[in-house]
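Line by line, the protein sequences are chains A and B.
Okay, so the first sequence: first residue is 1 according to the numbering used here, each after it adds one.
Okay, so the second sequence: first residue is 1 according to the numbering used here, each after it adds one.
Here a beta-carbon is modelled for each residue, glycine too, at the ideal position from N, C-alpha and C.
Every value quoted in this text rests on a predicted model; they were computed, and no experiment measured them.
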Amino acid sequence: MKIRRLTAIVAGAAAAALAITACTPPDEGGDGGTGGGDDGGIATGTAVTVGWNQPFYEYNTSSATGNATANANILYLMQESFNYYDEELNLVPNEDFGSYEIVNEDPLTVEYTFADDNAWSDGTAVDAVDLLLQWGATSGNLNTLADEDIEYDEEGNVVNEDEVDANVYFNGTSATVGYITEVEVSDDNKTLTATYDRNYADWEVNLMGAAVPAHVVGMHALEIDDAAEAKQAVKDAIESNDTEALAKISKFWNEGFAFGDTLPEDKSLYLSNGAYLLTELVAGQYVTLEANPDFTGEHAASVERITVRYNEDPMQHVLALENGEIDVMAPQATADLVTALEDLGDDYTVETGIDGTYEHVDLQVTNGGPFDPATYGGDAETALMVRQAFLKLIPRQEIVDKLIIPLNPEAEVRQSYNVVPGSPMYDGVVAANGQTEAFPLENDVAGAEALMAEAGVETPIDVRVLYGASNARRQAEFAIMSETINPTGLFNLVDAGSDDWGSMLSANTDQYDAALFGWQSTSTAVTAGNANFGTGEINNFYGYSNPEVDALQDELSVTTDPAEQERLLGEIEAHLVNDAFGVTIFQFPSVTAYRNTVSGISPITISPTVFYGFWEWSTSGDTAGDPTSEEAEDSEG
Amino acid sequence: MLIFVIRRVLMGLALLLVSSFLMYMLVDFTIDPLEDLRTSTDPSAALQMEQRTEQLNLNAPPWERYFDWLGAFVTGDPGVSWNTGRSVSDLLGSAIISTLQLVSFATVAAIVLGVAVGIVSALRQYSSFDYLITFFAFLMFSLPSFWVAVLLKQWGAIGFNDFLVDPVIAPMLIAGISLAAGVFWQLAVGGTLRRRLIHGALAALAVALVLGYMQITDWWLQPRLDWVLLTVTSLGIALTVTTLSTGLRNRRSLYTALSCVALGLVLYFPVRYYLFSNSMLTPYMNYGIVLLLGLAAILVGALVGVAWRGPDWKQSARTGAISAFLIAGVIFLDKVMSYWPAYMAAPAINNRPIQTIGDRAPNLGGNFWVQLLDQYTHLILPTLALMLISFAGYTRFSRGSMLEVMNQDYIRTARAKGINERTVVMRHGFRNSLIPLASIIPVDIIGLIGGALITERIFSRPGMGQLFIANLNMNDIDPVMAYLVIVAFLAILANIVADLLYAALDPRIRVNA
C-alpha cells in the first residue's frame, strides 16, 4: 500500500469521526460544564476545613491509646457532657445534657441526672448506664488484673493474652475517678449517684460524660442484638461485678473503638450524641463531620459540615490556607509562622493569644548544688537567700518582651504557679501569692546583692540550667538570662541544656540546679499542682518539701467551695514564693488564622482550643462556587 | 550463578540483622516514650507513666527489648503502635501503596525524560545544548527537596490556581515562550545553521500555535482533545514511535503506526462516548479495568503490526503496540479531562484544582473519573518535586555512559559498515548505554521509597516517609523499626537485583565467582 492511500484512509477516518461527532450529541461527559448534565457525581455540600497537626484515630478518648487531643477535639464536636468551659474558662453546667449536684458533703456524694431527650444517633437513650460504664472503666475499681500482672513483649503485644482475656482489665485508668468507690444507678437509668471515698476538690471535672455508649459495648462484647437488652446486661455486669462478662466488656472497651484506614462498616462504633455526626474518615488525612439533624441541644451545629485535615508542619498549613484547602488553622506560634500568616493579606484574620502551656524555672533544693541547704552546712536560711537572690535576677519581663510580645502583643508575665491566666481565680491568686513583689519584673539587682551579702557566700555561684537544647525559644531564653544575670557577678549560668532534659529532670537531679521548661494544663483542676509541689510527688523533681504546703494541699483537695479553693491556692502559692521554689515566666503564645469567609472562631486556652464555640461558627456565602465555572459552559457537537 | 545468589542473600541477611540491631539501639536511644507525660499536670500522669513503662517494658535494658522485638518480627509480627493501638502491618499496608503511587510515576517520568535528554546531550557533546543541560542538571542536583517542594507549592499550586481565575496569557508572553522554545529546540537539533533555523522556527511556531489554540478555546478551563488535537497528537505519536523504534524507512512499520492512528480516530467516538459512558463502564471502572483496557490496546496494536506481515513483522508489531497504547492513553486522558470543569466547580475544590496537601480532596465524592482527576491534581506537585531532582541524576548518568559507548570501536565499525545513524545510535549506542543504568535504577528506586520522606511530609501524603517521621516524633519504636527494616531490606535486595541484572545484560560479566 502506498503512503498516499494510507494518508487518505487516516483523513477519511478523521472525517468520519468528525461526522459522527457532529451529528450525534454526546450523551454525557463533563463536557457541558456544570450545567451539562453529568457532574460526575460530585458532592455539592460545603465545609469549614480546620487544619490540625495530629490525625484522629480512635473514638474512645478514655482508653490508654485514645487519650489524645487529636481525638478529644473531634469528640468535642460529637459528644455532649455535663459541663464545658466557656471563653473565660468558667465551668458551665450543660443543662441540655443533664444536671449534677452534691447531695451529701460527707462523704462527698454527687448525683448526676440525665435530661430526658438525650439520645445517641442510633436512637438509644444516653443515660446513667453510659456514665456507669465510664466510671467502671476509668476508675480501675473493677479491674481484677493489676497493670503489673500484664506481661508485654517489646511490641506491646500482651504475652499472657489468655490470662488477660479472662480478667477484667480496662486500660484507661484515671486516678481521680478511682476516688469514687460506690455508684448507684436508678431503676429508670436516669440518675447516677457517685460516692467518693474522700472529699475531692475537682469533682466537677472528674466524671463529666460517657466516652462510649454502653449499649454498643454490650452488643459487641456480649453478642446481644437488642440495644436495651445489651445496656441492661452491661448494667447488671457492673452492678453484680460479673467478672466473666466484665472481662469481655473491658476487652472491647479497650480495643473496639480504634479506627483503621476508613470508618468501620458498623456505624454503632462511632455514634454521636452531640451536634455533629462522623461521616468520613481517611486515616492520617482528614475526618468529616456533618450536622446531626436529630440534635436538640443548645450547642447545635451552625455550619453544615466540618472537615479536619492533618499536616504536622504548620508552615504547610499556611500554604494550604492560602491555596484554599483549609479555612482555619491554630498551630503553636513561632516567629516565622506568625510572619508568614501576617503576610497572607487582608482576606485572612490572624489572632494571637495564649496556649495552655506555661514556661517556668524551678530550683533543685536537694542535689548538693547552690540552692541546697546541705551545701551551706545545712543552713536553710542561707540557701533560701541564695534562691531568692537568683529568682530576683531572672529577667522575666525581658524574656516576654523579646520572645513572646512579637508573637502575642498582649502577652504578660505569668504570676501564678497553679492558675491559667484568664481563668476565674487568676487575679485573686496572684494578689495573694506575692510573686510580683518578691520577684519584681524589673530585675531587683540591688535586692539580690543585699541578699547575697547577707547570705555571706562567695560569688559568683555557678548555676547549671537544664533546658531542651534543640528548642530555639529556650536557647534564646537561656541566652537572655545569661546576659542579664552573669554581669551582676552574683551568679554564673552554666549551660546544662540537653535533648534528654525530659528524663534528666527526674533521673539526673545532680546534673542541674535550675530547670527551665513548660508545664501543660489540660483543665482548670485546682489539685493538679500537688504533683508539682507536694512532698515526694511525681512532678516534684527538686526535693522541695514544705509540710504547710502539703497540709494546705490536703485541705484544698477536699474543698469543694470555689472561693475557699481560691484562698487556699493563694496561701499555697505564697509559701512557694516565700520558699523561693521557682518563678513562672510566660504562657505559650498561640495563633489562630482563618479565612475571612469564616466567622465566629473564638479559641480558648485549654482543650478544645480552636474548636470551642463551634456552634457560633458561620460562613459567608462565597466560600463555595464561583462565577467562572458557570461562564465556562459550552458544549461540543 | 545459584551459589552467587545464595551467597549474596546470606550476606544480605547478616547485614540486615546487624543493621537492625544498630538501628534499634539508635532509635531506642533517641526516643522517650514518656515524653508527653513528663510535662503533663494531669493528676493521673504518674499512674499512666507507670502503666506505659510496664507496657513498653521500659525498665528492661534496650537489648532485651531488641531481642523481644526481633523474635516477634521474624515470626511475622511487626508489632503495634502503642500510641494508636493499630498494628504496624496495618499501618504499613496503606503507607506502602501511597508511596509506590508517588514514586512509580515520578521514577518512570524521571527515567524516560532524563535518559532521553542525557542521550541527546551526549550526541551533541560540548555544544551549547550540552552545556545548558549540564548547567540545569547541576542546578537541580543542588536544590534541596524541601525548598523545591515549597517553591512548587507557591508557584505550581497557589500561582497556577490564581492564574486559572482568569487564564489569559498575554500575547507578548506567548511570543516569549515560543521564542525560548524555538531557541532550545534548535540547540537540541544541532547540525548546519540552515537546519537549525528551520527546526527552531518550526518549533517556535508550533508552540505559539498550541498556546494560541489553548487560549482561544479556553483550554485551561475546559481541557479536551477534540478530533483536531486528537489527529495531530496521534500522528505525532505514530511518527515519533516509528522513528525511534524502526526508523521511517521501514514502511510496514510506519503503515502499522498510521493504521493505529486511523483505528484510534474511528474508535475515539464510540469508546469515549459509549464505552466510557455512565450506562456502560463508568460505574464499574477501576484500575483493574484500566489495566485490561491498556493491555487490549497493546494487543490490538500488535495485531495490526502482524497483519502488515512481511519478514520483520515483529518490529511492526512492536511499533504498533507502543503506538496503539499511547493513542488509547490519549483517548482515556480526554475522558478524564472532560470532567475538569465539573471538578473545578466542586465546592471541595472551589476553582483551585492544584492541591498542596493530602492525596485526595475531602468531601469531593464523584465517580471514578473525578477521583482519578483528583488523585492526579494531588500527585502532580510531589511527583514534580521528586522528578526534578532524580531527573538531573539520570541525565548525567546516561550522558556519561552514552559518551563512553559512542567512543567504542564497534560503533566505528557499525558506521563503517554504512549503517544509518539512527540505527547506530538507537540499536548499537542507546541499548548498550543502558547497561550501567540498570545497576543504578533499582538502587535509586529504593532510595526514593525511603527518601521520599521530605516530599511526603511537606505534601502531607500518608506514605512510608510520613509514617516514619510521625512515629519517630511520637516516640513509637515499632513502626519506626518496621520502616527502617523494610528500607534496609529493599536496599539490600536492590543491590542484589542490580548485580544480577547487570550480569544478565552484559555477557562480559560473570557472576559465578
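Going by DSSP, name the residue or residues bridged to B:Q355. B:Q355 is not bridged by DSSP to any residue.
Counting contacts by CB-CB distance shorter than 8 Å, is B:A170 in contact with chain A? Closer than 8 Å: no.
If I measure Cβ to Cβ from B:R457 and keep anything under 6 Å in the same chain, skipping five residues before and after, which residues do I get? Excluding sequence positions up to five before and after B:R457, its CB lies within less than 6 Å of the CB of Q466, I469, all in the same chain and listed in chain order.
Under the assumption that B:N161 contacts A:N323 (Cβ atoms under 8 Å), give the Cβ distance between them as a whole number of angstroms. Confirmed, Cβ separation roughly 6 Å.
When DSSP builds the beta bridges, which residues end up paired with A:L491? Per the sequence presented here, residue 491 of chain A reads as Phe, with Leu not at that position. A:I461.
When you compare each of A:L552, A:V110, A:L321 to A:G345 by their alpha carbons, which one comes out closest? Here the closest residue by C-alpha is A:L321.
Just by C-beta distance, which residues in the stretch 264-278 of chain B are closer than 7 Å to chain A? Taking 7 Å as the cut-off between beta carbons, the residues of the stretch 264-278 of chain B near chain A are L265, V266, Y268, F269, Y273, S277, N278, in sequence order.
So B:D444 contacts chain A; which residues on that side make the cut at Cβ distance below 7 Å? Those within 7 Å of B:D444 in chain A number zero; the least Cβ separation is about 26 Å.
Run down chain B in chain order and give the residues with a C-beta less than 9 Å from the C-beta of A:E548. When 9 Å is used as the limit between beta carbons, A:E548 is near no residue of chain B, the shortest such separation being about 21 Å.
How many Å lie between A:N241 and A:T109 at the Cα? If I take the Cα positions, the gap works out to 21 Å.
Assigned secondary structure, B:L16 (DSSP; H/G/I helix, E/B strand, else coil): The three-state reading of DSSP puts B:L16 in helix, counting H, G and I together.
For A:E95 and A:A214, what's the separation of their Cα atoms in angstroms? Between A:E95 and A:A214, the C-alpha separation is close to 21 Å.
Please name the residue in A:Y467, A:A64, A:K267 whose C-alpha comes closest to that of A:Y169. With distances taken between Cα atoms, A:Y169 lies closest to A:A64.
Is A:T623 helix, strand or coil when you go by DSSP? Residue confidence is low: A:T623 scores 47 on pLDDT, short of 50, so the model does not pin down where it sits. No coordinate-derived value is stated.
Reference A:A525; option with closest CA among B:A482, B:I357, B:S40: Its Cα nearest to that of A:A525, the residue B:S40 stands out among B:A482, B:I357, B:S40.
Residues of the stretch 151-162 of chain B with Cβ closer than 8 Å to any Cβ of chain A, in chain order: Cβ contacts with chain A come from K153, Q154, A157, I158, N161.
Below 7 Å on C-beta distance, what does A:D656 contact in chain B? Because chain A is modelled from 1 through 637, residue 656 of chain A falls outside the range shown and cannot be assessed.
Does the stretch 119-133 of chain B come into contact with the stretch 362-374 of chain B, if we say contact requires no fewer than three beta-carbon pairs (one atom in each stretch) closer than 8 Å? Cβ pair count under 8 Å is below three, so no.
Taking only beta-carbon positions, decide if A:S620 is within less than 8 Å of chain B. Closer than 8 Å: no.
Can you find the residues in the same chain that come closer than 6 Å, C-beta to C-beta, to A:G140, ignoring five residues on each side of it along the sequence? Taking C-beta separations shorter than 6 Å and ignoring five residues to either side along the sequence, the partners of A:G140 in its chain run T173, G178, following chain order.
Do A:Y348 and A:Y594 have their CB atoms nearer than 8 Å? Contact flag set, yes.
Within the continuous beta strand (DSSP E) that includes A:E182, where are the two ends? Going by DSSP, A:E182 is part of the beta strand (DSSP E) stretching over 180-185.
Quick one: is A:I604 near chain B, going by C-beta distance under 8 Å? Closer than 8 Å: no.
List the residues of chain B that A:A43 touches, going by C-beta distances under 9 Å, in chain order. Simply A346, P347, A348, N363, L364, G365, G366.
Pull the bridge partners of A:V361 from the DSSP assignment, please. BP columns for A:V361 point to A:L516, A:V583.
Between B:N351 and B:V168, which are expected to be in contact by the criterion C-beta below 8 Å, what is the C-beta distance as a whole number of angstroms? Their Cβ separation, rounded to whole angstroms, is 16 Å, which puts B:N351 and B:V168 out of contact at 8 Å.
Residues of the stretch 370-381 of chain B whose Cβ lies closer than 8 Å to any Cβ of chain A, in chain order: Cβ proximity to chain A below 8 Å picks out V370 from the stretch 370-381 of chain B.
What residue from A:F581, A:E359, A:T527, A:S81 has the CA that sits closest to A:R474's CA? Measuring C-alpha to C-alpha distances from A:R474 to each of A:F581, A:E359, A:T527, A:S81 identifies A:E359 as the nearest.
Just how far apart, CA to CA, sit A:T44 and A:A515? About 54 Å.
For the stretch 236-243 of chain B and the stretch 299-312 of chain B, state whether three or more C-beta atom pairs, one from each stretch, are separated by less than 8 Å. Output reads no: the stretch 299-312 of chain B does not touch the stretch 236-243 of chain B.
Considering Cα atoms alone, identify which of A:F478, A:M329, A:N311 is closest to B:T356. The option with the nearest alpha carbon to B:T356 is A:N311.
Buried or exposed: which applies to B:N363, given that a residue is buried once 16 or more other Cβ atoms fall within 10 Å of its Cβ? By the neighbour-count rule (16 or more Cβ atoms within 10 Å), B:N363 is buried.
Consider the Cβ of B:Q186: report whether some Cβ of chain A lies at a distance smaller than 8 Å. Chain A contact via Cβ: absent.
What separation, rounded to the nearest whole angstrom, lies between the Cα atoms of A:L441 and A:I585? Going by the C-alpha atoms only, they are around 10 Å apart.
Alpha carbon to alpha carbon, how far is B:L209 from B:A180? Give it in angstroms, no decimals. In a straight line, the C-alpha of B:A180 is about 14 Å away from that of B:L209.
Continuous beta strand (DSSP E) stretch holding A:T109: start and end: Counting along the chain, the beta strand (DSSP E) containing A:T109 begins and ends at 109-114.
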